[in-house]
Structure formats: structure tokens, C-alpha cells
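Here is the structure we will look at, set down as C-alpha cells.
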Amino acid sequence: MPRKLRIGVLVVVALAVVAGSLIGFLASHAGAAANATPKTYSAAATLKAVSGSHGHGAFTGKVTSPATATSGTLTWKLTYSGLSGPVTSVLLRQGTKVLAHLCSSACKSGVHKSISLHGASFKALSGNKTSVAVVTKAHVSGELTGALKLKGTSV
Numbered sequence: 008m009p010r011k012l013r014i015g016v017l018v019v020v021a022l023a024v025v026a027g028s029l030i031g032f033l034a035s036h037a038g039a040a041a042n043a044t045p046k047t048y049s050a051a052a053t054l055k056a057v058s059g060s061h062g063h064g065a066f067t068g069k070v071t072s073p074a075t076a077t078s079g080t081l082t083w084k085l086t087y088s089g090l091s092g093p094v095t096s097v098l099l100r101q102g103t104k105v106l107a108h109l110c111s112s113a114c115k116s117g118v119h120k121s122i123s124l125h126g127a128s129f130k131a132l133s134g135n136k137t138s139v140a141v142v143t144k145a146h147v148s149g150e151l152t153g154a155l156k157l158k159g160t161s162v
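Next comes the structure, spelled out in C-alpha cells:
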């Protein structure tokens with residue numbers, strides 16, 4: 008076989024191998040993207056009153072995020088009664104650190120809102136390391152508090 012023909016055959020074979028590898032790579036990644044279903048978690052916190060308060064409440068909602076995300080959306084509802092005064096804010100905390108202000112003023116019982124969380128805040132939430140604090144003028148650290156727990160996924 009002439010030398011030019013051998014080189015030509017080698018080039019064609021090399022191109023076929025590269026094209027086949029590229030097609031396989033693209034197909035596997037397209038399949039993974041098609042199978043990446045958003046995750047949904049239920050979120051709940053039983054809110055207990057601090058000493059001296061007769062209040063009680065519940066915080067419920069859901070968290071949705073892309074399958075491989077470091078961010079998500081918390082959609083929530085707060086109900087309460089028996090507090091010392093109007094609610095001035097609702098906070099998402101990790102220990103004493105405030106991660107997010109969920110509601111900033113006059114949050115009445117039955118309030119329903121959403122917030123996007125990113126990075127460390129979302130990681131703490133998805134790792135069940137957060138709590139909710141319902142703040143009043145008389146109890147600036149939270150008249151009602153409770154651990155926020157996520158359960159279940161729908162994949």
C-alpha cells in the first residue's frame with residue numbers, strides 16, 4: 008500500500024475514533040441532564056414559646072432545588088397565637104447567626120411567602136441545621152423558636 012494511502016487511512020480511523028468518543032460523551036451528558044429532576048422537601052418547625060410567653064405556632068412549607076444545586080427556594084407559611092405583641096420579624100438562623108430575614112415587619116398569622124437561598128444558607132437549610140425565630144418587641148431574640156427540619160425528596 009502506498010505511503011500516502013496508509014496515512015490517509017490512519018487519519019480517517021483517528022477521526023472516526025474521536026467522533027465516536029465525542030458522540031458518546033455528549034449522549035451521556037444529555038441523558039444525565041434529562042434525568043436531573045428538581046428535588047422537593049417538606050419543611051416544618053414546631054415553634055415553642057420562650058419562658059414567660061404563652062404563645063405557640065407552626066412553620067410549614069417546602070424547599071425546591073435543582074438536583075445538583077447549591078441553591079433553592081423556601082416557600083413557607085407561619086401560623087401563631089398568644090404572643091405578647093405584634094410580630095416584628097421572622098428569622099432563619101443557624102445557631103445565633105441570622106441567615107435570612109423571612110418576614111421583616113408586621114407578619115400576621117397565616118403569612119405565606121417565598122425566599123431564595125444560596126451557598127452556605129442553603130447548605131445549612133438542606134443539612135437540617137437551621138431554626139426559625141418569631142420576633143416580637145418584647146422578645147428580640149425570638150418569642151417563638153423551633154428547629155426547621157426537611158423531610159423526603161421527590162426525584
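Residues 8 to 162 (my numbering) are what the sequence shown spells out, left to right. Note that CB positions come from ideal geometry on N, CA and C, so glycine has one too.
DSSP beta-bridge partners of residue i
i    : result
G110 : Checking the sequence shown, residue 110 turns out to be Cys, not Gly. In the DSSP output, where bridge partners are listed per residue, C110 has V97.
L90  : None; L90 has no bridge partner.
G153 : V139
T82  : K69, S121
G64  : L54, Y87
L104 : Note that residue 104 is Lys in the sequence shown here, rather than Leu. Q101.
S116 : Paired residues: none, contrary to the question.
Own chain residues within Cβ distance below 8 Å of residue i, not counting five before or after
i    : result
G126 : T77, S78
T80  : V70, T71, S72, S121, I122, S123, L124
Y87  : L54, G62, H63, G64, A65, V94, S116, V141, L151
A41  : Confidence is the limiting factor: at A41 the pLDDT is only 47, short of 50, which leaves the residue's position unreliable, though a coordinate-based value still follows. Excluding sequence neighbours, A41 sits near nothing in its chain.
C110 : L85, V94, S96, V97, V118, K120
Residue range of the alpha helix (DSSP H) that includes residue i
i    : result
G126 : 126-133
Buried or exposed by the 16-neighbour rule on C-beta atoms within 10 Å, applied to residue i
i    : result
K158 : exposed
S138 : buried
A140 : buried
G38  : At G38 the pLDDT is 49, less than 50, meaning the model places this residue with poor confidence; the figure from the coordinates comes in the next sentence. With fewer than 16 other Cβ atoms within 10 Å, it is exposed.
A74  : exposed
S133 : buried
K115 : exposed
Proximal residues to residue i (C-beta, below 7 Å), its chain only, five neighbours per side dropped
i    : result
A56  : G62, H63, E150, L151
Y48  : K69, V70, L157, K158, G159, T160
A154 : A52, S138
T95  : S112, V142, T143, K144
H108 : S96, L98
V105 : L98
K136 : Q101
S128 : L106, A107
T82  : G68, K69, S121
Sequence-distant residues of the same chain with beta carbon closer than 6 Å to residue i, five excluded per side
i   : result
P45 : T71, P73
Looking at C-beta atoms only, is the number of pairs between the region 112-124 and the region 148-157 that lie closer than 8 Å three or more?
no
Assess contact between the region 98-110 and the region 43-63, defined as three or more Cβ pairs (one per stretch) separated by less than 8 Å. Is contact present?
no
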